[in-house]
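**Student:** The opening residue of the sequence shown carries number 16 in this note's numbering; numbering runs sequentially from there. Just so it is clear, CB atoms sit at the ideal spot from N, CA and C, and this is done for glycine as well.
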Amino acid sequence: MKAILPEARAFASIIEALSRVVDEASMKFTPEKVVLRALDPAKVSMFIMELPSILFEEYDVEEEVKIGFNTAVLLKLLKRSKRDDKLEIALEEGYAKFSIIGAYSKLYKILNIETAEEELPEPRIELNVNAIIHSEPLKHAIKDAETIGDVVEFSAETEDELIIKGKGETSETETRISKESGALISLEVKEPSKSTYAIEHIKNIVSLTKVADTVEVSFSTRMPLKLAFTILGEGKVTYFLAPKVE
């Protein structure tokens with residue numbers, strides 16, 4: 016099998032986020048797409064990546080194959096990619112080959128490891144608040160909340176604004192993302208909702224704001240948070256996080 020992705024740095028950002036969730040993971044290549052699903056050790060968050068074959072400049076996958084890897088090791092290699100570099104992924108005699116192709120080519124071979132994986136179905140849950148926002152305000156809201164405490168609250172009462180609060184013992188910070196400001200693209204509120212989540216888990220995924228212009232934010236009171244990042248137009252990384260119940 017061989018697959019060539021036109022933007023190596025976008026894939027590096029995905030692996031950067033993944034490396035903060037799990038130490039090892041497995042990518043499944045099928046003729047239609049590349050899929051990766053991972054559950055963090057505490058089983059409070061799930062990371063799902065789907066890259067359809069049309070994202071790739073070249074995609075030669077005739078049958079299902081899997082590449083297992085250490086996320087920290089792969090991240091070190093991919094971090095050496097530069098703007099406009101391409102990424103070629105191939106298999107060769109028990110090794111996964113990652114080639115960064117730019118002004119010159121760099122080839123890295125890592126052992127295709129067996130991972131202790133299980134079939135992880137994507138959660139099928141109905142959430143009452145569904146917003147699409149520009150990714151930059153989310154990044155800053157989480158960074159602001161982190162300076163105050165270790166939890167962040169998402170809330171929406173009306174379809175005019177999404178509110179993200181950082182809460183500490185003696186202080187709090189508040190970010191209002193509204194249509195008026197231009198940061199809120201769309202917001203659907205089936206029922207007013209408010210829910211709290213651990214910042215340490217949300218900040219794991221915020222690095223994806225570097226390669227995703229928008230993010231879909233979905234939640235309900237005392238229900239999981241769903242963050243869906245669109246990558247390279249057709250790709251998607253979805254992150255589910257269980258609520259923090261006081």
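Does DSSP put residue 152 in a helix, a strand or coil?
**Tutor:** Indexing the sequence shown from 1 puts residue 152 at position 137. Helix, per DSSP.
**Student:** Would you identify the three-state DSSP class for residue 158, choosing helix, strand or coil?
**Tutor:** To locate residue 158, count along the sequence shown from 1; it is residue 143. Residue 158: helix per DSSP, three-state reduction.
**Student:** Assess contact between the region 36 to 46 and the region 69 to 84, defined as three or more Cβ pairs (one per stretch) separated by less than 8 Å. Is contact present?
**Tutor:** The region 36 to 46, when compared against the region 69 to 84, does touch it at the 8 Å Cβ threshold.
**Student:** Grab me the residues of residue 135's own chain with a C-beta within less than 7 Å of its C-beta, minus the 5 sequence neighbours each way, in chain order.
**Tutor:** For the purposes of this step, residue 135 is identified with residue 120 of the sequence shown, where counting begins at 1. The answer, listed in chain order, is 52, 54 and 61.
**Student:** For a test of the three-state rule: what should DSSP assign to residue 220, helix, strand or coil?
**Tutor:** Against the sequence shown, residue 220 aligns to sequence position 205. Coil at residue 220, not helix or strand.
**Student:** For residue 28, which residues in the same chain have their Cβ closer than 7 Å to its Cβ, ignoring the five residues on either side in sequence?
**Tutor:** Translated into positions along the sequence shown, residue 28 becomes position 13. Same-chain partners within the cutoff: 222, 223, 225 and 226.
**Student:** By DSSP, does residue 259 sit in helix, in strand, or in coil?
**Tutor:** Taking the first residue of the sequence shown as 1, we reach residue 259 at position 244. Residue 259 falls in the coil class under three-state DSSP.
**Student:** Cβ of residue 196 less than 9 Å from any chain D Cβ?
**Tutor:** Absent from the structure: chain D. Only one protein chain is present.
**Student:** Since residue 63 contacts residue 252 with CB under 8 Å, what's their CB separation in whole angstroms?
**Tutor:** Here residue 63 refers to the residue found at position 48 when the sequence shown is read from its first residue. Here residue 252 refers to the residue found at position 237 when the sequence shown is read from its first residue. Contact flag correct, Cβ pair sits at about 7 Å.
**Student:** So within the region 87 to 143, which uninterrupted beta strand (DSSP E) runs reach at least 3 residues, ignoring any that extend past its ends?
**Tutor:** Segments of the beta strand (DSSP E) lying fully in the region 87 to 143: 101 to 107, 110 to 116 and 120 to 126.
**Student:** Once you ignore the five residues that flank residue 33 on each side, which residues in its own chain have a CB closer than 7 Å to its CB?
**Tutor:** Along the sequence shown, read from residue 1 onward, the residue named residue 33 stands at position 18. So the qualifying residues of the chain are 40, 53, 62 and 86.
**Student:** Can you round the beta-carbon distance between residue 152 and residue 211 to whole angstroms, since I take them to be within the 8 Å contact cut?
**Tutor:** Numbered from its first residue, the sequence shown carries residue 152 at position 137. Numbered from its first residue, the sequence shown carries residue 211 at position 196. Contact doesn't hold; Cβ gap of about 19 Å is too wide.
**Student:** Flag this pair as touching only if the region 243 to 250 and the region 174 to 185 have three or more C-beta atom pairs under 8 Å; answer yes or no.
**Tutor:** Short answer: they don't touch.
**Student:** If you reduce the DSSP assignment to three classes, tell me which class residue 225 lands in.
**Tutor:** Here residue 225 refers to the residue found at position 210 when the sequence shown is read from its first residue. Residue state, collapsed to three classes: helix.
**Student:** Measuring only the C-alpha atoms, how far is residue 101 from residue 208?
**Tutor:** One-based indexing of the sequence shown puts residue 101 at position 86. One-based indexing of the sequence shown puts residue 208 at position 193. When rounded, the distance between both Cα atoms is 42 Å.
**Student:** Note the first and the last residue of the continuous beta strand (DSSP E) segment covering residue 18.
**Tutor:** Here residue 18 refers to the residue found at position 3 of the sequence shown. Taken as a continuous stretch (DSSP letters only), the beta strand (DSSP E) holding residue 18 covers 17 to 20.
**Student:** Count the other CB atoms, across all protein chains shown, that sit within 10 Å of the CB of residue 239; report buried if there are 16 or more and exposed otherwise.
**Tutor:** Against the sequence shown, residue 239 aligns to sequence position 224. Classification for residue 239: buried.
**Student:** Hey, quick one: how far does the beta strand (DSSP E) through residue 200 stretch, first residue to last?
**Tutor:** For the purposes of this step, residue 200 is taken as residue 185 along the sequence shown, with counting starting at 1. First-last of the beta strand (DSSP E) with residue 200: 199 to 204.
**Student:** Give me the residue from 99, 96 and 115 with the minimum Cα distance to residue 105.
**Tutor:** Taking the sequence shown and counting its residues from 1, one reaches residue 105 at position 90. Selected option, being the one with the closest Cα: 115.
**Student:** Taking the alpha-carbon positions, what's the residue 91 to residue 193 distance?
**Tutor:** Numbered from its first residue, the sequence shown carries residue 91 at position 76. Numbered from its first residue, the sequence shown carries residue 193 at position 178. C-alpha separation (whole angstroms): 38 Å.
**Student:** Tell me which residues share the same chain as residue 21 and place their Cβ nearer than 7 Å to its Cβ, disregarding the 5 neighbours each side in the sequence.
**Tutor:** Against the sequence shown, residue 21 aligns to sequence position 6. 72 and 101.
**Student:** Roughly how many angstroms lie between the CA atoms of residue 174 and residue 140, to the nearest whole one?
**Tutor:** Here residue 174 corresponds to residue number 159 of the sequence shown, with the count starting at 1. Here residue 140 corresponds to residue number 125 of the sequence shown, with the count starting at 1. About 21 Å.
**Student:** So is residue 190 buried or exposed if we call it buried at 16+ other beta carbons inside 10 Å?
**Tutor:** On the sequence shown, residue 190 is found 175 positions in, with the first residue counted as 1. By the 10 Å Cβ count, residue 190 comes out buried.
**Student:** Out of curiosity, what's the CA-to-CA distance linking residue 195 and residue 121?
**Tutor:** Along the sequence shown, read from residue 1 onward, the residue named residue 195 stands at position 180. Along the sequence shown, read from residue 1 onward, the residue named residue 121 stands at position 106. So the two alpha carbons sit approximately 47 Å from each other.
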